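Those protein sequences? They're chains A and B, same order as listed. Numbered according to this note's numbering, the first sequence terminates at residue 217, and the numbering increases by one at each position without gaps. Numbered according to this note's numbering, the second sequence terminates at residue 217, and the numbering increases by one at each position without gaps. Using N, Cα and C, we set each Cβ at its ideal position, and we do this for glycine too. In this text the structure is predicted, and so the values were computed from the model without any measurement. See below for the structure under consideration.
2 protein chains.
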Amino acid sequence: MDIIPYLKTQHLCTAEVVEQISKFVHRKTFAKKELILPVENSSKNIFFIEQGLARVFYAKNNKDVTLYFLQENKIGLPIDSIFYNQVCKFGIEALTETSVAIIAYEHWANLSKDNPALQQFSQQLMVDYIKNATDRIYNLKFRSPRERYDTMLSEFRALFLHIPLGHIASYLGITQETLSRLRAEK
Amino acid sequence: MDIIPYLKTQHLCTAEVVEQISKFVHRKTFAKKELILPVENSSKNIFFIEQGLARVFYAKNNKDVTLYFLQENKIGLPIDSIFYNQVCKFGIEALTETSVAIIAYEHWANLSKDNPALQQFSQQLMVDYIKNATDRIYNLKFRSPRERYDTMLSEFRALFLHIPLGHIASYLGITQETLSRLRAEK
DNA sequence: TGCATTTTTTGATTTCAGTCAAAAATCATT
DNA sequence: AATGATTTTTGACTGAAATCAAAAAATGCA
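Have a look at this one:
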């Protein structure tokens with residue numbers, strides 16, 4: 032969904048703020064497999080996925096690990112660059128044709144400053160992120176690959192039919208071959 | 032450090048806000064191995080570690096996994112309970128005698144509302160958390176147990192001499208026996 | 001100091017998933 | 001539809017770390 036109406040549905044913005052955000056939004060469409068943010072980059076933008084699907088991933092040597100997926104209305108945030116002035120270790124790749132609203136973090140922060148609702152929204156994004164991250168560690172430690180896969184399937188079924196198996200596998204913390212075997216049995 | 036002077040050093044508080052926070056702080060000292068927050072609890076407090084050392088951990092069946100360590104001036108936050116009204120899957124255990132400033136999240140949030148600096152502080156806590164979590168996933172995926180251990184040692188050397196090996200091992204994602212062998216070789 | 005408890009180390013064995021490699025299936029493009 | 005490229009599956013083998021078990025060392029406390 033377009034970021035502006037989306038924020039409206041979230042009751043986050045006065046008409047005035049919407050106006051201001053619009054001014055700073057820069058839209059771009061990425062083809063499948065195109066990099067929205069390359070690894071080891073140092074962008075200080077936030078990436079709001081308006082349409083499509085992307086993944087946040089690490090890549091090094093010949094290894095590629097998906098950290099998490101970004102569905103519509105989610106935001107990708109190069110934490111390393113924005114908050115620590117380092118190159119960002121992860122990248123963002125479009126998994127389908129994806130349209131992204133790009134806003135310099137600086138502007139976003141400025142607008143948030145005078146807008147509690149927007150600030151609330153940012154905080155919720157972070158809380159959600161932390162929740163996902165901690166739940167994930169729990170899952171990796173206390174549940175088997177099979178269970179993790181089953182849960183993921185039930186949560187994202189439709190979605191994950193299009194995504195290359197390797198990405199799902201690395202997200203689940205296993206190899207593609209192991210995942211393939213999981214699916215084969217039973 | 033006591034939470035009040037600490038917040039002052041962070042330039043987060045007007046005298047007035049300090050006054051208000053003080054009103055809501057409730058202090059408690061925990062003995063070594065005592066639970067600051069039991070697992071599967073649903074506390075809506077935030078736990079500021081004033082002195083000592085604690086760990087945030089999952090425990091289930093006979094498995095116990097340390098999520099991360101809380102040093103002085105860090106805050107433990109039962110995310111599940113505060114933001115999702117669920118029981119919190121992790122607990123917090125004192126590793127040494129630990130003194131904790133406890134504040135109901137509700138009060139903290141109210142005070143933050145009118146205090147941008149405090150809000151900034153909260154945000155930074157979350158950003159730090161996310162940074163740690165993502166770096167950790169990176170380390171688990173791209174670096175060997177040996178490397179992870181070496182890094183941890185160089186970062187926390189003094190600290191980790193007192194902590195049971197098992198906690199360090201589970202934090203590093205390996206068993207205690209494996210860690211013991213790592214230390215033996217070379 | 002000595003005893004009991006806890007923690008760490010060491011040893012032997014097992015296993016699960018990773019790796020490497022190749023075949024099969026699927027998808028995309030002309 | 002046919003070709004080539006990509007993705008998924010299957011097979012055989014390997015290995016790193018887990019498990020199980022017991023000894024050794026360290027710690028705490030009466």
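DSSP state of residue i mapped onto helix, strand, coil
| i | result |
| --- | --- |
| glutamate 208/B | helix |
| alanine 189/B | coil |
| isoleucine 67/A | strand |
| asparagine 146/B | coil |
| isoleucine 194/B | coil |
| arginine 177/A | helix |
| aspartate 33/B | coil |
Proximal residues to residue i (C-beta, below 6 Å), its chain only, five neighbours per side dropped
| i | result |
| --- | --- |
| glutamate 136/A | Strictly speaking, residue 136/A in this sequence is tyrosine, with glutamate absent from that position. Same-chain partners within the cutoff: Lys75, Ile77, Ile113. |
| tyrosine 37/B | Asn104 |
| arginine 58/B | Ala132 |
| serine 11/B | The structure shown does not extend to residue 11/B, since chain B is modelled only from 32 through 217, so no value can be given for it. |
| tyrosine 99/B | Val87 |
| methionine 183/B | none |
| proline 109/A | Ser74, Cys119 |
| phenylalanine 79/B | Ile34, Ile106, Ala132 |
Residues bridged to residue i [DSSP beta-bridge criterion]
| i | result |
| --- | --- |
| isoleucine 77/A | Ile134/A |
| arginine 58/A | Ala132/A |
| glutamine 82/B | Ser130/B |
| asparagine 72/A | Cys119/A |
Own chain residues within Cβ distance below 7 Å of residue i, not counting five before or after
| i | result |
| --- | --- |
| proline 176/A | Leu203, Ile205, Thr209, Leu213 |
| alanine 125/A | Phe61, Ala62, Lys63, Lys64, Glu65, Ile67, Gly83, Ala85 |
| histidine 198/A | Arg86, Thr97 |
| tryptophan 139/B | Ile77 |
| glutamine 117/B | Asp111 |
| serine 211/A | Leu196 |
| serine 130/A | Arg58, Thr60, Glu81, Gln82, Gly83 |
| leucine 142/A | Val48, Gln51, Ile52, Leu149 |
| leucine 171/A | Gly204 |
| phenylalanine 55/B | Ile134, Ala135, His138 |
Cutoff 8 Å; reference residue i; Cβ partners in own chain excluding five residues on either side
| i | result |
| --- | --- |
| lysine 144/A | Gln150 |
| alanine 90/B | Val70, Val96, Gly122 |
| lysine 120/A | Val70, Glu71, Tyr89, Asp111 |
Proximity test, residue i beta-carbon vs the ligand PLP heavy atom, cut-off 7 Å
| i | result |
| --- | --- |
| phenylalanine 100/A | This structure does not include the ligand PLP; it has no bound ligands of any sort. |
Worksheet item: What runs of the beta strand (DSSP E), each 3 residues or longer, lie entirely inside the region 86 to 132 of chain A?
Response: For the region 86 to 132 of chain A, whole beta strand (DSSP E) runs of length 3 or above, ordered along the chain, are 94 to 101, 122 to 125.
Item to complete: Determine contact between the region 78 to 86 of chain A and the region 103 to 111 of chain A, defined as no fewer than three beta-carbon pairs at a distance below 8 Å.
Response: Yes, the region 78 to 86 of chain A is in contact with the region 103 to 111 of chain A.
Worksheet entry | the region 154 to 165 of chain A contacting the region 188 to 195 of chain A, beta-carbon criterion three pairs below 8 Å | Flag = no, the region 154 to 165 of chain A and the region 188 to 195 of chain A do not touch.
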